[in-house]
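Adding 1 to a residue's 1-based position in the sequence shown gives its number in the working numbering.
C-beta: ideal position from N, C-alpha, C; glycine also.
Nothing here was measured: the structure is a model prediction, and the numbers come from that model.
First the structure, in the form of structure tokens, and then the observations on it.
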Amino acid sequence: RYLLSPLGLSFDPSSSSSSYTSIFEAAAIIQMRPFRTYSDFPLIWQCATLGILLVGSVSSSSASNRQGWILQRHHPRPQQLPVLAFAGGFGSTNASSSKKKKPKKKRKGGLDEELMAAPSAPKPKTSNEPVLDKWGLPPPTEEDIFPLLPPETELISAQKENYCLEEILEALESRMKLLGLSKYFDQYGVEKAPRAEAPPVQVHLVHESPPVLVFDNFLTAEECWSVQRVAMPDDTPDSDTTPAPTTAKDQPVQVNSATFSTLAQSKRTSTSWFCPYKAVPTVLAKAKHLLGVDIDCMEEPQIVRYQTGQEFSWHYDEVPTPQLDNGGQRVGTFLIYLNDVARGGGTIFRDLSDPNGNPLTVQPRQGRVCLFFPADGAGRPDDRTLHKGEVAQDEKRIIQIWFHEQAYQASLPPDNRQADAMEAVQQEAQRLGYK
């Protein structure tokens, strides 16, 4: 009685019919009341209503005859909506076939689900404002650092695969004199008297103006390993027997070398060793005789290693003006590739093209030389020789020497002098058959 009285219902325990009627009516009223009504009663009432609904759902089929009356009495609305609420309702004989499934309540997720459902942080707004340096100026572009050549600049690609020696010498007319070419090479650019145990050296003109030369087979495989051992003695095949330097004076020095203007902002990610002249007598002997270059005009030999992913970005090889007092301008860049590189690592010239119209690229091959000229014979820098060392997909090793206009005094290693190598160079020249 206490629980039903708030609904305006009476309960007679002596009459089973009245009890079912009262319970049925209570269930119907509760079913159609707004949900907010539940909060008006204490917890015991909320629990009791659940019991009333449960009893009403199992009431006898005779109670179903009163549905229309209950709807009219307690919920005076069009019957189409309440009918949906009672479609499988109290005492219905078709409950199994017409019962409406209650929608499943979404289970409350844990902390992980809440975090996953949390909205992502807003993306920072992109600004259309230009990027400026600390002085409020736009950062320099590649074209600012390395200006494009004027349209009228002379650029002549190689017109054929093989040039005769006379044509090669003609292309070199305004460059440093390579007097050894006429002495040691025949008219086809092939070494006249090669050693029996080594393939002949052959010279190719791969670009006419400015001239770029390639010498194949300049060093043998054994000679390449001998050079590498000077800087990397622990990374040499066991077959090599060249003695390693024994004194500190004979050891190469690892340094960072500035070979370009500070304005160039070039990127170099390699390891370099400045070597004593007498540590590489074979290289000096061949450069002296096959090319005809005076050893006194050669810079310190540098062994360079580019590991996978390393590079030397665009740069010029010319000497900055403050350093011209030592030997004058660089008039020749002499690169020897000490190993084969199948992927990447090529020497690329930005403004020069091969016969197919692609940027001129000299691919590293063991024993090959790339020779070009950063300045003409009068020491005037040639901006057409802008080049870079392509990113190495495989490790690349080279030895490089720059040729100067005049006698050059070495800086590293300490007390490194060309004169100290002369005896070893002469002995090597005799072994190689040079006169």
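Terminal residues of the beta strand (DSSP E) in which residue i lies
i      : result
Thr334 : 331-338
Gly390 : 388-390
Val320 : Premise fails: Val320 is in no beta strand (DSSP E) and is neither H nor E.
Asp217 : 213-217
Cys371 : 370-373
Glu174 : Segment: none, Glu174 is in no beta strand (DSSP E) and carries neither H nor E.
Ser210 : 203-210
Gln419 : No beta strand (DSSP E) contains Gln419, which DSSP labels as neither H nor E.
Thr362 : 360-363
Gln303 : 303-307
Beta-carbon proximity check, residue i vs residue j, cutoff 8 Å
i      : j      : result
Ser273 : Gln303 : yes
Leu403 : Asp297 : Note on residue identity: the sequence assigns Trp, not Leu, to residue 403. It is not a contact, given that the beta carbons lie outside the stated cut-off.
Gly333 : Tyr409 : no
Leu336 : Arg385 : no
Ala280 : Val202 : no
Lys289 : Val392 : no
Leu372 : Val228 : no
Phe275 : Pro253 : yes
Glu429 : Pro282 : yes
Gly390 : Thr322 : no
Limits of the alpha helix (DSSP H) - the one that residue i falls within
i      : result
Lys279 : From DSSP, Lys279 is part of no alpha helix (DSSP H); its letter is neither H nor E.
Trp403 : Where Trp403 is concerned, there is no enclosing alpha helix (DSSP H), although the beta strand (DSSP E) it sits in stretches over 397-405.
Tyr185 : 181-185
Gln427 : 423-433
Asp352 : From DSSP, Asp352 is part of no alpha helix (DSSP H) but of the beta strand (DSSP E) over 348-354.
Trp315 : Run containing Trp315: none in the alpha helix (DSSP H); it sits in the beta strand (DSSP E), 313-316.
Val231 : 222-232
Glu144 : 143-146
Same chain only: Cβ atoms within 6 Å of residue i, ignoring 5 sequence neighbours per side
i      : result
Phe147 : Trp315, Leu387
His205 : Val215
Gln394 : Arg344, Gly345
Asp217 : Gln203, Arg369
Ala411 : Glu301, Asn417
Cys165 : Gln188
Gly293 : Leu179, Leu180, Gly181
Leu291 : Gly181, Tyr185
Sequence-distant residues of the same chain with beta carbon closer than 7 Å to residue i, five excluded per side
i      : result
Asp341 : Pro365, Arg366, Gln367
Asp383 : Pro211, Phe374, Pro375, Ala376, Asp377
Val191 : Pro201, Gln203
Leu150 : Asp352, Asp384, Arg385
Ser271 : Val305, Arg306, Tyr307, Gln311, Phe313
Counted within 10 angstroms of its Cβ, other Cβ atoms place residue i as buried (16 or more) or exposed
i      : result
Ile157 : exposed
Ala422 : buried
Thr154 : exposed
Arg418 : exposed
Lys397 : buried
Lys135 : exposed
Lys287 : buried
Val305 : buried
Gln330 : buried
Met177 : buried
Cys1   : Residue 1 cannot be examined here, being either before or after the span of the chain that is shown, 2 to 436.
Ala172 : buried
Arg196 : exposed
Arg492 : Look at the range of the chain in this structure, 2 to 436, and you will see that residue 492 is not part of it.
Glu174 : exposed
Glu198 : exposed
Glu209 : buried
Same chain, Cβ closer than 8 Å to residue i, neighbours up to 5 away in sequence not counted
i      : result
Pro152 : none
Val207 : Ala159, Val213, Leu214, Val215, Asp355, Leu361, Val363
Ala194 : Tyr185, Gly434
Val132 : Pro139, Pro140
Glu167 : Gln188
Gln407 : Cys298, Gly328, Gly329
Asn163 : Tyr189, Gly190, His205
Assumed close pair residue i, residue j - CB separation to whole angstroms, cut-off 8 Å
i      : j      : result
Leu413 : Glu301 : 6 Å
Leu170 : Leu182 : 7 Å
Val284 : Ile400 : 6 Å
Asp251 : Pro277 : 6 Å
Proximity test, Cβ basis, 8 Å: residue i and chain D
i      : result
Gly346 : In summary, chain D is missing from the structure at hand, where a single protein chain is found.
Residue i beta carbon near the ligand FAD (any heavy atom closer than 7 Å)
i      : result
Ile304 : Ligands are entirely absent from the displayed structure, and the ligand FAD is therefore not among its contents.
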